[in-house]
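Participant: Structure provided below as C-alpha cells; questions to follow.
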Ligand code: SF4
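Structure (C-alpha cells):
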C-alpha cells in the first residue's frame with residue numbers, strides 16, 4: 005500500500021491501525037502546499053524520523069508547487085475548509101494515485117483523514133473517483149474515529165515528533181495568526 009502522508013503526527017495512528025490489519029504501508033510524502041520552505045523541511049524531517057523509528061519505507065516527491073498553485077488559484081481567497089482546501093486535497097490525491105499506478109502499487113490511502121478539520125467523506129469520495137480513473141484500489145478511511153486524533157497526539161508526543169500548528173499553506177498560516185490576534189484582543 006502506498007500511503008500518502010500529510011504529516012508525521014497524522015501518520016502515527018494511521019500506521020498503528022493499518023498494522024493491526026496486518027498492512028505495512030509505504031510512506032509517500034507529496035505536499036507542495038506546505039509553506040514556507042523551512043516549515044516544509046521541518047514536517048518532512050518529522051516524517052523521516054517516524055519512518056526510521058518504525059522501519060517504514062519513505063518516498064518523497066519534492067516538486068509540484070506550480071501545479072498545486074494552479075489547482076487552488078481560483079479559490080485562493082476562500083477560507084480554510086472551503087473549495088480551496090478541496091482542490092488542494094484533490095491535487096495531492098491525484099498525484100498519489102497516479103504515482104501508485106505508474107509504480108505498480110495495488111492500493112493507495114491517505115493520512116489526511118486523521119485531522120478533525122478534514123472531511124473524511126469528501127476525501128473518500130475523491131479517493132473512490134481516482135480508483136476508477138487510475139485503476140488502483142483506494143482504501144477508504146477515517147483515522148480520526150474512535151479517538152484516533154487523540155491517539156495521534158499521544159503517539160507523536162511519546163515519539164518526540166514535531167507537531168505543526170497550522171494546516172500548511174501561507175494562507176492558513178495567516179488565518180491562524182489572525183485568529184490568535186483576535187483572541188488576544190478579546191482577553
Ligand atoms: S488550508 Fe490546508 S488544505 Fe486548505 S489549501 Fe491550505 S494547505 Fe491546503
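Residue numbers (this note's numbering): 5 to 191.
No residue lacks a Cβ here, since even glycine has one placed at the ideal position from N, Cα and C.
If we ignore side chains and look at the alpha-carbon of each, how far apart do residue 33 and residue 136 end up?
Facilitator: 23 Å
Participant: What number of angstroms, rounded off, separates the C-alpha of residue 180 from the C-alpha of residue 164?
Facilitator: 24 Å
Participant: Could you tell me which of 146, 141 and 87 sits nearest to residue 116, measuring between CA atoms?
Facilitator: 146
Participant: Would a C-beta distance cut-off of 7 Å place residue 76 and residue 88 closer than the cut-off?
Facilitator: Yes, these two residues count as a Cβ contact at 7 Å.
Participant: Residues with a Cβ closer than 5 Å to any heavy atom of the ligand SF4, in chain order?
Facilitator: Answer in sequence order: 37, 84, 88, 89, 92, 171, 172, 173 and 176.
Participant: Compute the Euclidean distance between the alpha carbons of residue 50 and residue 23, then round it to the nearest angstrom.
Facilitator: 20 Å
Participant: Of the choices 71, 69 and 90, whose alpha-carbon is the least far from that of residue 79?
Facilitator: When 71, 69 and 90 are compared, the shortest CA-CA separation from residue 79 is found for 90.
Participant: Take the Cβ of residue 129 as the centre, count every other Cβ of all protein chains shown within 10 Å, and call the residue buried at 16 or more, exposed below.
Facilitator: exposed
Participant: Can you tell me which of the three DSSP states residue 141 falls into?
Facilitator: Reduced to three states, the DSSP call for residue 141 is strand.
Participant: Could you give the first and the last residue of the continuous alpha helix (DSSP H) run that contains residue 99?
Facilitator: Segment 87–107, the alpha helix (DSSP H) holding residue 99.
Participant: Just list the beta strand (DSSP E) runs in the stretch 17–42, keeping only unbroken ones of 3 residues or longer that don't cross its boundaries, in chain order.
Facilitator: 30–33
Participant: Could you tell me which residues DSSP puts in a beta bridge with residue 114?
Facilitator: 8
Participant: Measuring CA to CA, which of 36, 84 and 153 is closest to residue 8?
Facilitator: 36
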